[in-house]
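Peer 1: I'd like to ask some things about the structure below.
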Amino acid sequence: MPPFTRCILISAVVLSAATPGLWPANDQANWFPFGPPRQDFTRPAVIDLRHLNEDYAGQHGFIAVADDRFVHGDTGEPVRFWSANISTRDDFTLQDWRYLARLLAKYGVNHLRIHGSLHHGPSWTRTDQRPEVDPFSLSEDKLTALMKAVAAMKDEGIYTHLSFYFPLWFRPPEDPVKWPGYDGEKHPFAAIFFNENLIAEYKNIWRTALTRENPHTGLRLIDDPAVMGVELINEDSLFFATFRYETIPEEQMAIVEGLFADWLAQRYGTLREIPWLEAHPNARDALDEGRLAFGDLREMADRRSPRDQDTVRFLYELQRDWYLRKTAWFRDLGFKGLITASNWITANDAIYDGIERATYLAGDFIDHHRAYFGGRMMGEDASWSIRKDHRYYDRSQLRFDAANPSQSRKSWELTFVKPKWNDKPTMISETAWMRPNRNRTEAAGIYAAYGALHDIDAICHFTLDSHGRRWTVQPRYVMQAWTLQSPSMMGQFPAAALIYRQGLVATAPVATDLAVNIERQLNLEGMPRAQVDGVDILRMEDDPGSERMVRRGDDQSGLRDLVGRTRITLSDHDAESRLRDLSDYLDLENGRARSLTGELEWDWVQGYLRIDAPKAQGFLLSQPIDHALETADLTFRSDAEIINLMLVALDDTPISTSQRMLLQVMTEERTNNF
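In our numbering, the protein residues as written are -7 to 666.
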């Protein structure tokens, strides 16, 4: 191999350190505090990826769907979105938003998911909670902030995706007429599918937000091609474990029980003619009142009785039809962007996942969450904050470390890839390597390489904590586990964004092609292959059986995704599934997987990922290696325990002949004052 001699640009070598005195003295020499000043964008920068974006978002029309990809509507040119998440910040000035937009564009971002409430009620953002204000009414302050955000992002070529409804942001007040059963404390899980008062409030907020003229652009959001899309519901489902009597007030369950009884009467003629009624009774049934009760979703997945099958079919039709009606409502309103249904998990993905995704086919693309990776945090409120006396452990995805430090077996979950469903584009609208975890360094390179390999259409990193004004986190104990603006995450965006957005790692052929009969799913026969994914620990608390979410990592079938893409097709008939023979690429005995493209090699025994493409090469390591690693143009040797090294050509030529390259190196970060 000829020696590597043509590296011209070296940039983005970043480390972060602990405050002196918090770590052993002999461990301080090679660490330094990371706190860059506010950036002056009028001065030339060594690396600035603003040129990757359009002059302004929407320059080439609304984002559309062609085949299984996002495209610019006017040109048909495919586009991938390297994205971030942010809440509706009503404390931001327009200049704050403009600074954030320019910063994100510099780091290669071309999409922002604005995920936050627009109502007055309790939320995770600043809110107006005056007692005389209807908590479900629109907050003008938040709407004003939204308009500023859309305008600022648009000017830097960044598209926006809007997410306004999440049941954890709502607590219906005590009102026996309008909100029977609620007490100001409970969240309205699943109620959006059947409570007409909640649906009316939902429509009112969306209608007002989309049809109000944006004073900063002169356009209504509904007419602005910079608004890439809307998300109908975030993390709620009739098939998640929160759909149960312990979580939803009886008065609300009575509503959906009545709908179930009406559905059964239409199916069988009368309630008394239901064939399984005598064999499978439920103590909560009230036939004389026109109501039939629901079983526990987890128990139903195991039992699969005729009653369970009818229950699932009813819930499927209720949820599917809701998404169909709301998609039509947005179109009738005049919305021209893309629509996605939801993104959630189920009480048992082996049984319900295909049913859940089938309800999402009403939208233009399929969104996913279930994409969080990290070591187990232990302590009070450890699911959403980092505090004194919390306990955690460092966990490597490259080695497939167990999700729980008490486990000796590996966890084979792949949190960073998702299948294509019915040839629709795929978005991962929330994903993160959670902190504290010294192995967060792995994240950016893995997202970029396998996002490109699988042709994932949008990767939305969760979440901007300091909201762009400074490289820091929320003060004192309220430090989020998902903080994006840190050296190991956003600090590694430049090379990662180039690899992902420009396709410097080639897309693989389909390795796993699954044909799924939705009728068999409704009969509770289960998916031919359950997806193995990571779950946000915040939502694990909503499922008393959440330990099953950790145990899902026992299944090695997902390792096929290290080799090639997965496609799943839902239909109303049987069809043949095709699984490519991967024996030449997937070596379980020696712990190694090579992609069908030949450009990626993952070794979970030695703990490294090798990227070896013509225009992008590098290594991700999670433990020391005592020998040199090579790509076509690189020889790498290091005694570092953790490193992310990526070399990317900046002049659209192979590295072997490139005259302008970015060499990006990251070791690890530690959190100050922790």
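Glycine residues also receive a C-beta, built at the ideal position from the N, C-alpha and C atoms.
Please report how far the alpha carbon of Y688 lies from the alpha carbon of K195, in whole angstroms.
Peer 2: The displayed coordinates of the chain run from -7 to 666. Any statement about residue 688 would go beyond what the structure contains.
Peer 1: Grab the span of the alpha helix (DSSP H) containing I343 for me, first residue to last.
Peer 2: Here the alpha helix (DSSP H) through I343 covers D341 to Y352.
Peer 1: Distance check for N189 and Q389, CA to CA, integer angstroms please.
Peer 2: When rounded, the distance between both Cα atoms is 44 Å.
Peer 1: Can you list, in chain order, the residues of its chain with a C-beta nearer than 6 Å to that of D40? Leave out the 5 residues immediately preceding and following it.
Peer 2: Taken in chain order, the residues that qualify are K98.
Peer 1: Using the beta-carbon count (16 or more within 10 Å), is H565 buried or exposed?
Peer 2: Exposed is the call here.
Peer 1: Quick check on this structure: which residue in T504, W336 and P397 has the alpha carbon closest to the alpha carbon of F235?
Peer 2: Checked all of T504, W336 and P397; the closest Cα to F235 is W336.
Peer 1: DSSP beta-bridge partners for D579?
Peer 2: For D579, which the question treats as bridged, DSSP gives the partners R584.
Peer 1: Which complete alpha helix (DSSP H) runs does the segment 407 to 487 hold, if anything under 4 residues is left out?
Peer 2: Fully enclosed alpha helix (DSSP H) runs of 4 or longer: 435 to 445.
Peer 1: Give, in chain order, every unbroken run of the alpha helix (DSSP H) that is at least 4 residues long and sits entirely within the segment 184 to 209.
Peer 2: Those alpha helix (DSSP H) runs which fall completely within the segment 184 to 209 and span 4+ residues are 188 to 203.
Peer 1: Please tell me whether L325 and F357 are closer than 8 Å, where the distance is taken between their beta carbons.
Peer 2: Not in contact: L325 and F357 (Cβ atoms no closer than 8 Å).
Peer 1: Which same chain residues, not among the five before or five after H153, have their C-beta less than 6 Å away from its C-beta?
Peer 2: The residues are R105, M220 and G221.
Peer 1: Where do the N-terminal and C-terminal ends of the alpha helix (DSSP H) with L743 fall, by residue?
Peer 2: What the structure shows of the chain is the stretch from -7 to 666, and residue 743 is not part of that stretch, so it cannot be assessed.
Peer 1: Which residue or residues does DSSP assign as beta-bridge partners of S563?
Peer 2: According to DSSP, which records beta bridges pairwise, S563 is partnered with N509.
Peer 1: Could you pull the start and end residues of the alpha helix (DSSP H) that I603 belongs to?
Peer 2: Here I603 belongs to no alpha helix (DSSP H); instead the beta strand (DSSP E) covers Y600 to D604.
Peer 1: According to DSSP, is R668 part of a helix, a strand, or is it coil?
Peer 2: In the structure as shown, the chain begins at -7 and stops at 666. Residue 668 is therefore absent and cannot be evaluated.
Peer 1: So what does DSSP say about S155, is it helix, strand or coil?
Peer 2: Reduced to three states, the DSSP call for S155 is strand.
Peer 1: Taking the alpha carbon of T351 as the point to measure from, which residue in A473, W23 and I225 has its own alpha carbon closest?
Peer 2: The candidate whose alpha carbon is nearest that of T351 is I225.
Peer 1: Which word fits N22, buried or exposed, when buried means at least 16 other C-beta atoms lie within 10 angstroms of its C-beta?
Peer 2: Exposed: under 16 other Cβ atoms inside 10 Å.
Peer 1: In chain order, what are the residue ranges of uninterrupted beta strand (DSSP E) at least 3 long that sit wholly in the segment 45 to 88?
Peer 2: Whole beta strand (DSSP E) segments, 3+ residues: 55 to 58, 61 to 64 and 73 to 78.
Peer 1: What's the gap between the Cα of L130 and the Cα of W89?
Peer 2: One C-alpha to the other measures close to 21 Å.
Peer 1: Terminal residues of the continuous alpha helix (DSSP H) containing T34?
Peer 2: Counting along the chain, T34 falls outside any alpha helix (DSSP H), and DSSP gives it neither H nor E.
Peer 1: Out of curiosity, what's the CA-to-CA distance linking R323 and Q472?
Peer 2: In a straight line, the C-alpha of R323 is about 37 Å away from that of Q472.
Peer 1: Who does H680 pair with in a DSSP beta bridge?
Peer 2: Nothing can be reported for residue 680, as the shown portion of the chain is limited to -7 through 666.
Peer 1: Quick one: residues in its chain with C-beta nearer than 8 Å to the C-beta of L135, no 5 flanking neighbours on either side, listed in chain order?
Peer 2: For L135, where only same-chain residues beyond five positions count, the Cβ hits under 8 Å are L110, T200, A201 and R204.
Peer 1: Buried or exposed, going by whether 16 or more other CB atoms sit within 10 Å of the CB of L639?
Peer 2: Under this definition L639 is a buried residue.
Peer 1: Counting pairs of beta carbons, one from the segment 132 to 150 and one from the segment 472 to 489, are three or more of them closer than 8 Å?
Peer 2: Contact between the segment 132 to 150 and the segment 472 to 489 is absent, because fewer than three Cβ pairs lie under 8 Å.
Peer 1: Can you check whether the CB of E223 is closer than 8 Å to the CB of D32?
Peer 2: Not a contact, by the Cβ cut-off of 8 Å.
Peer 1: Let me make sure I understand the geometry here. Which of A183, S377 and P501 has the alpha-carbon closest to that of L307?
Peer 2: Of the candidates A183, S377 and P501, the one whose C-alpha sits nearest the C-alpha of L307 is A183.
Peer 1: Identify every residue that forms a DSSP beta bridge with Q311.
Peer 2: Looking at the DSSP assignment, Q311 forms no beta bridge with any residue, so it has no partner.
Peer 1: What three-state label does DSSP hand A374 in the structure shown?
Peer 2: In the structure shown, A374 sits in coil (DSSP, three-state: anything other than H, G, I, E or B).
Peer 1: Taking the alpha-carbon positions, what's the S115 to L160 distance?
Peer 2: The predicted model places S115 with a pLDDT of 45, which falls under 50 and marks its position as unreliable, so this point remains unresolved.
Peer 1: If I measure Cβ to Cβ from G176 and keep anything under 6 Å in the same chain, skipping five residues before and after, which residues do I get?
Peer 2: Answer for G176: R163, P165 and E166, listed in chain order.
Peer 1: Which residue's Cα is closest to the Cα of Y48: D604, D66, E148 and T80?
Peer 2: Nearest C-alpha to Y48: E148.
Peer 1: Cutting at 6 Å between CB atoms, please list the residues of its own chain near R586, excluding the five before and the five after it.
Peer 2: Y577 and E593.
Peer 1: Can you tell me which of P25, S155 and F128 puts its alpha carbon nearest to the alpha carbon of E227?
Peer 2: Taking only the C-alpha atoms, the option nearest E227 is S155.
Peer 1: For the alpha helix (DSSP H) containing W594, list its first residue and its last residue.
Peer 2: It is not in any alpha helix (DSSP H) - W594 instead sits in the beta strand (DSSP E) that spans L592 to D595.
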